[in-house]
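Trainee: Residue numbers (the numbering used here): 126 to 643.
Where is the CB? At the ideal position from N, CA and C, for every residue including glycine.
This is the structure I want to talk about, given as structure tokens.
Take a look at the structure:
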């Protein structure tokens, strides 16, 4: 074979440093001269011998033979060379520390497109021969790889890489979407748990189980003296006319309610997941709720107390809307509802002073204009003389008397005395509902009276300073003549501060609608 004849391979040099770094050029001709130019750049020419050059490449079969010009340093694969037949992949350095090129032979049928491995190899060599620190070299490598893959590989490789990139992007999008969805679900579940915890905390004074009740009773017993003195001082300070209190007491009822949530789609009740071995919390009737493998844990239930009063001869009871539909006014409950649950009232009963047995109450009508609701009780309520809603206007400075059950069961316990509390502690099978039953059986259910002065009157509100707290919502605000001038509504935390009532005029409108359209 003629050593000068073209072969079935394509010789190429790839520039690994200098201004032409990352580019390649095809060699042609029997003789090629390598010239060191400006900016550490190597030029390959085969047109005619330049006046000055550094090395000569002479065709030898399928490769080239490199001959160094006398006095010039040529390094191949790290060794100084004067004459050498090049092999594909050899790295040539023109002068020690000078520009670097790589010699490659490609099969004719393949063309000069690099393989993926060759792209990585050349980019690594480019980075290794760069001056500068490790970060700069890493940047050269990371920038060179995608550029080389996009411009120096075959069309089929580029299409394959594009397909792989699209799959990666799609997978990333799907994974990101699932991550966002998972985070959203976790956030919703955490919000649901937080909302349930907040609602359960609000039920702390209204325990559901015997253990919770004993915990509360122990706290009441430990603070019995202070609590009794506090409540006694409150009643003494009120100095409310005994005639007004006596007349209104029997008509002022204690409301006990519990509500939960059901899934709007399936109808399943929202339940509390318990740790293994935990005892289920009794349901609203004192019986443990059903627990199945599909829906383990007791039904989630919020217990609360409020106040109402008999407002008509047929036993209609006025109270607050936030007592009749408490979930509408609670941010924690709103968070659970927003997650697809529907609130349901589990139990709603009333106790009347002097009447041992409770009776069920149902919501007849709620006001869309004020914090008012109308309830219907049993025939027991029909026998009680209703409180009269005043038609006379009220004025700042006018004295009022507020009746209610602030703090619910806890306050009633505090007013019974240590003997009753100790007796209740010693008994078993006592919860929120049975505790109320035993209080009623002993005649301990009676509203607390406090006196205040009206500070401001508007068409929508009456503001006064009678001392009360939560649980007193819905109670009557009475004039010294015994007429209801407002319904206790917004109450600040703790005893003391200003309280807000709904004027009797608005309550009268709701009562008329309830009587006319029962």
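Measuring only the C-alpha atoms, how far is residue 422 from residue 387?
Mentor: Counting from one through the chain shown, the residue named residue 422 turns up at place 297. Counting from one through the chain shown, the residue named residue 387 turns up at place 262. The alpha-carbon atoms of residue 422 and residue 387 are separated by roughly 14 Å.
Trainee: Once you ignore the five residues that flank residue 145 on each side, which residues in its own chain have a CB closer than 8 Å to its CB?
Mentor: To locate residue 145, count along the chain shown from 1; it is residue 20. Answer for residue 145: 166, 167, listed in chain order.
Trainee: Residue 554 to residue 527, Cα distance in whole Å?
Mentor: As a first step, residue 554 must be located in the chain shown, where it is residue number 429. As a first step, residue 527 must be located in the chain shown, where it is residue number 402. Using only the alpha carbons, I get a separation of about 34 Å.
Trainee: For residue 581, which three-state DSSP category applies?
Mentor: Translated into positions along the chain shown, residue 581 becomes position 456. Residue 581: strand per DSSP, three-state reduction.
Trainee: How about residue 92 and residue 623: are their beta carbons less than 8 Å apart?
Mentor: Past the boundaries of the shown model lies residue 92; the chain is included only from 126 to 643, so the question cannot be answered.
Trainee: Considering just the uninterrupted stretch of the beta strand (DSSP E) at residue 190, what are its terminal residues?
Mentor: On the chain shown, residue 190 is found 65 positions in, with the first residue counted as 1. It spans 188-193 - the beta strand (DSSP E) in which residue 190 sits, taken as one unbroken run.
Trainee: Does the distance from the CB of residue 206 to the CB of residue 230 come in under 8 Å?
Mentor: Here residue 206 refers to the residue found at position 81 of the chain shown. Here residue 230 refers to the residue found at position 105 of the chain shown. Taking 8 Å as the Cβ cut-off, residue 206 and residue 230 do not qualify as a contacting pair.
Trainee: Span of the beta strand (DSSP E) holding residue 200?
Mentor: For this step, residue 200 is matched to residue 75 along the chain shown. First-last of the beta strand (DSSP E) with residue 200: 199-201.
Trainee: Look at the Cβ atom of residue 432, then the Cβ atom of residue 302, and state whether they are nearer than 8 Å.
Mentor: Taking the first residue of the chain shown as position 1, residue 432 is located at position 307. Taking the first residue of the chain shown as position 1, residue 302 is located at position 177. No, the Cβ-Cβ distance between residue 432 and residue 302 is not below 8 Å.
Trainee: Exposed or buried, which one is residue 583 when buried takes at least 16 other CB atoms within 10 Å?
Mentor: Indexing the chain shown from 1 puts residue 583 at position 458. Residue 583 is exposed by the Cβ-count criterion.
Trainee: When you compare the CB of residue 257 with every CB in chain D, is at least one pair closer than 8 Å?
Mentor: Judged by its chain identifiers, the structure shown contains no chain D, having just a single protein chain.
Trainee: Skipping 5 residues on each side, what residues in its chain have a beta carbon closer than 6 Å to that of residue 628?
Mentor: Counting from one through the chain shown, the residue named residue 628 turns up at place 503. Once the five neighbours on either side are set aside, the close Cβ partners of residue 628 are 587, 611.
Trainee: Check whether the region 371-385 touches the region 424-440, taking contact to mean three or more Cβ pairs, one atom from each stretch, closer than 8 Å.
Mentor: Yes, the region 371-385 touches the region 424-440.
Trainee: Cα separation between residue 201 and residue 219?
Mentor: Numbered from its first residue, the chain shown carries residue 201 at position 76. Numbered from its first residue, the chain shown carries residue 219 at position 94. Answer to the nearest angstrom: the Cα atoms are 9 Å apart.
Trainee: Whose C-alpha, out of 213, 194, 250, 537, is nearest the C-alpha of residue 658?
Mentor: Summary: the structure shown does not reach residue 658, with the chain confined to residues 126 through 643, and so no result is reported for it.
Trainee: Hey, is the region 555-573 in contact with the region 529-539, meaning 3+ C-beta pairs nearer than 8 Å?
Mentor: The region 555-573, when compared against the region 529-539, does touch it at the 8 Å Cβ threshold.
Trainee: What residue from 484, 630, 188, 547 has the CA that sits closest to residue 518's CA?
Mentor: To locate residue 518, count along the chain shown from 1; it is residue 393. The residue with the shortest Cα to Cα distance from residue 518 is 630.
Trainee: DSSP has residue 140 in a bridge; who is on the other side?
Mentor: Reading the chain shown from its first residue, position 15 is the one you call residue 140. In the DSSP output, where bridge partners are listed per residue, residue 140 has 226.
Trainee: Note down the Cα distance separating residue 366 from residue 373, rounded to an integer number of angstroms.
Mentor: Looking up residue 366 in the chain shown gives position 241. Looking up residue 373 in the chain shown gives position 248. Residue 366 and residue 373: Cα-Cα distance of roughly 11 Å.
Trainee: By DSSP's criteria, residue 558 is part of a beta bridge. Which residues make up the other side?
Mentor: Along the chain shown, one-based indexing puts residue 558 at 433. DSSP lists no partner for residue 558.
Trainee: Is residue 352 helix, strand or coil when you go by DSSP?
Mentor: Position 227 of the chain shown holds residue 352. For residue 352, the predicted structure reports a pLDDT of 47, less than 50, and the residue's modelled location is therefore unreliable. A value from the coordinates is still provided. Here residue 352 sits in helix by DSSP.
Trainee: For residue 143, count neighbouring Cβ atoms within 10 angstroms of its own Cβ and tell me buried if that reaches 16, exposed if not.
Mentor: Here residue 143 is taken as the residue at index 18 of the chain shown, counted from 1. With 16 or more Cβ atoms within 10 Å of its Cβ, residue 143 is classed as buried.
Trainee: For a test of the three-state rule: what should DSSP assign to residue 271, helix, strand or coil?
Mentor: For the purposes of this step, residue 271 is identified with residue 146 of the chain shown, where counting begins at 1. Residue 271 falls in the helix class under three-state DSSP.
Trainee: By DSSP, does residue 370 sit in helix, in strand, or in coil?
Mentor: Taking the chain shown and counting its residues from 1, the one referred to as residue 370 is at position 245. Helix at residue 370.
Trainee: What is the DSSP secondary structure of residue 490, counted as helix, strand or coil?
Mentor: In the chain shown, residue 490 corresponds to position 365, counting from 1. The answer is strand: DSSP assigns residue 490 an E or B state.
Trainee: Tell me whether residue 614 is buried or exposed, calling it buried when 16 or more other Cβ atoms sit within 10 Å of its Cβ.
Mentor: As a first step, residue 614 is located in the chain shown; it is residue number 489 there, counting from the start. With 16 or more other Cβ atoms within 10 Å, it is buried.
Trainee: Please state whether the Cβ-Cβ distance between residue 599 and residue 439 is less than 8 Å.
Mentor: For the purposes of this step, residue 599 is taken as residue 474 along the chain shown, with counting starting at 1. For the purposes of this step, residue 439 is taken as residue 314 along the chain shown, with counting starting at 1. For residue 599 and residue 439, no; Cβs fall outside 8 Å.
Trainee: Hey, residue 97 and residue 137: beta-carbon distance below 8 Å or not?
Mentor: Nothing about residue 97 can be reported from this structure: the residues present for the chain run from 126 to 643 only.
Trainee: Assuming residue 141 and residue 227 are in contact, meaning their beta carbons sit under 8 Å apart, how far apart are those beta carbons, in whole angstroms?
Mentor: In the chain shown, counting from the first residue as 1, residue 141 sits at position 16. In the chain shown, counting from the first residue as 1, residue 227 sits at position 102. Right, their Cβ atoms sit about 6 Å apart.
Trainee: Nearest by alpha-carbon distance to residue 452: which of 463, 468, 464 is it?
Mentor: Translated into the one-based positions of the chain shown, residue 452 becomes position 327. Checked all of 463, 468, 464; the closest Cα to residue 452 is 468.
Trainee: Leaving out five residues before and five after residue 248 in sequence, what residues of the same chain have Cβ atoms less than 7 Å from its Cβ?
Mentor: Stepping through the chain shown from its first residue, residue 248 is reached at position 123. For residue 248, where only same-chain residues beyond five positions count, the Cβ hits under 7 Å are 266, 269, 270, 273.
Trainee: Residues in its own chain within less than 7 Å of residue 502 by CB, not counting five upstream and five downstream?
Mentor: Here residue 502 refers to the residue found at position 377 of the chain shown. Within the same chain, residue 502 has close Cβ partners 440, 442, 475, 484, 486.
Trainee: Residue 300: buried (16+ other C-beta within 10 angstroms of its C-beta) or exposed?
Mentor: Within the chain shown, the letter at position 175 stands for residue 300. Exposed: under 16 other Cβ atoms inside 10 Å.
Trainee: What do you reckon, are the CB atoms on residue 489 and residue 500 nearer than 8 Å?
Mentor: Position 364 of the chain shown holds residue 489. Position 375 of the chain shown holds residue 500. Yes, these two residues count as a Cβ contact at 8 Å.
Trainee: Quick check: residue 635 and residue 492, are their CB atoms within less than 8 Å of each other?
Mentor: To locate residue 635, count along the chain shown from 1; it is residue 510. To locate residue 492, count along the chain shown from 1; it is residue 367. Yes. Within cutoff.
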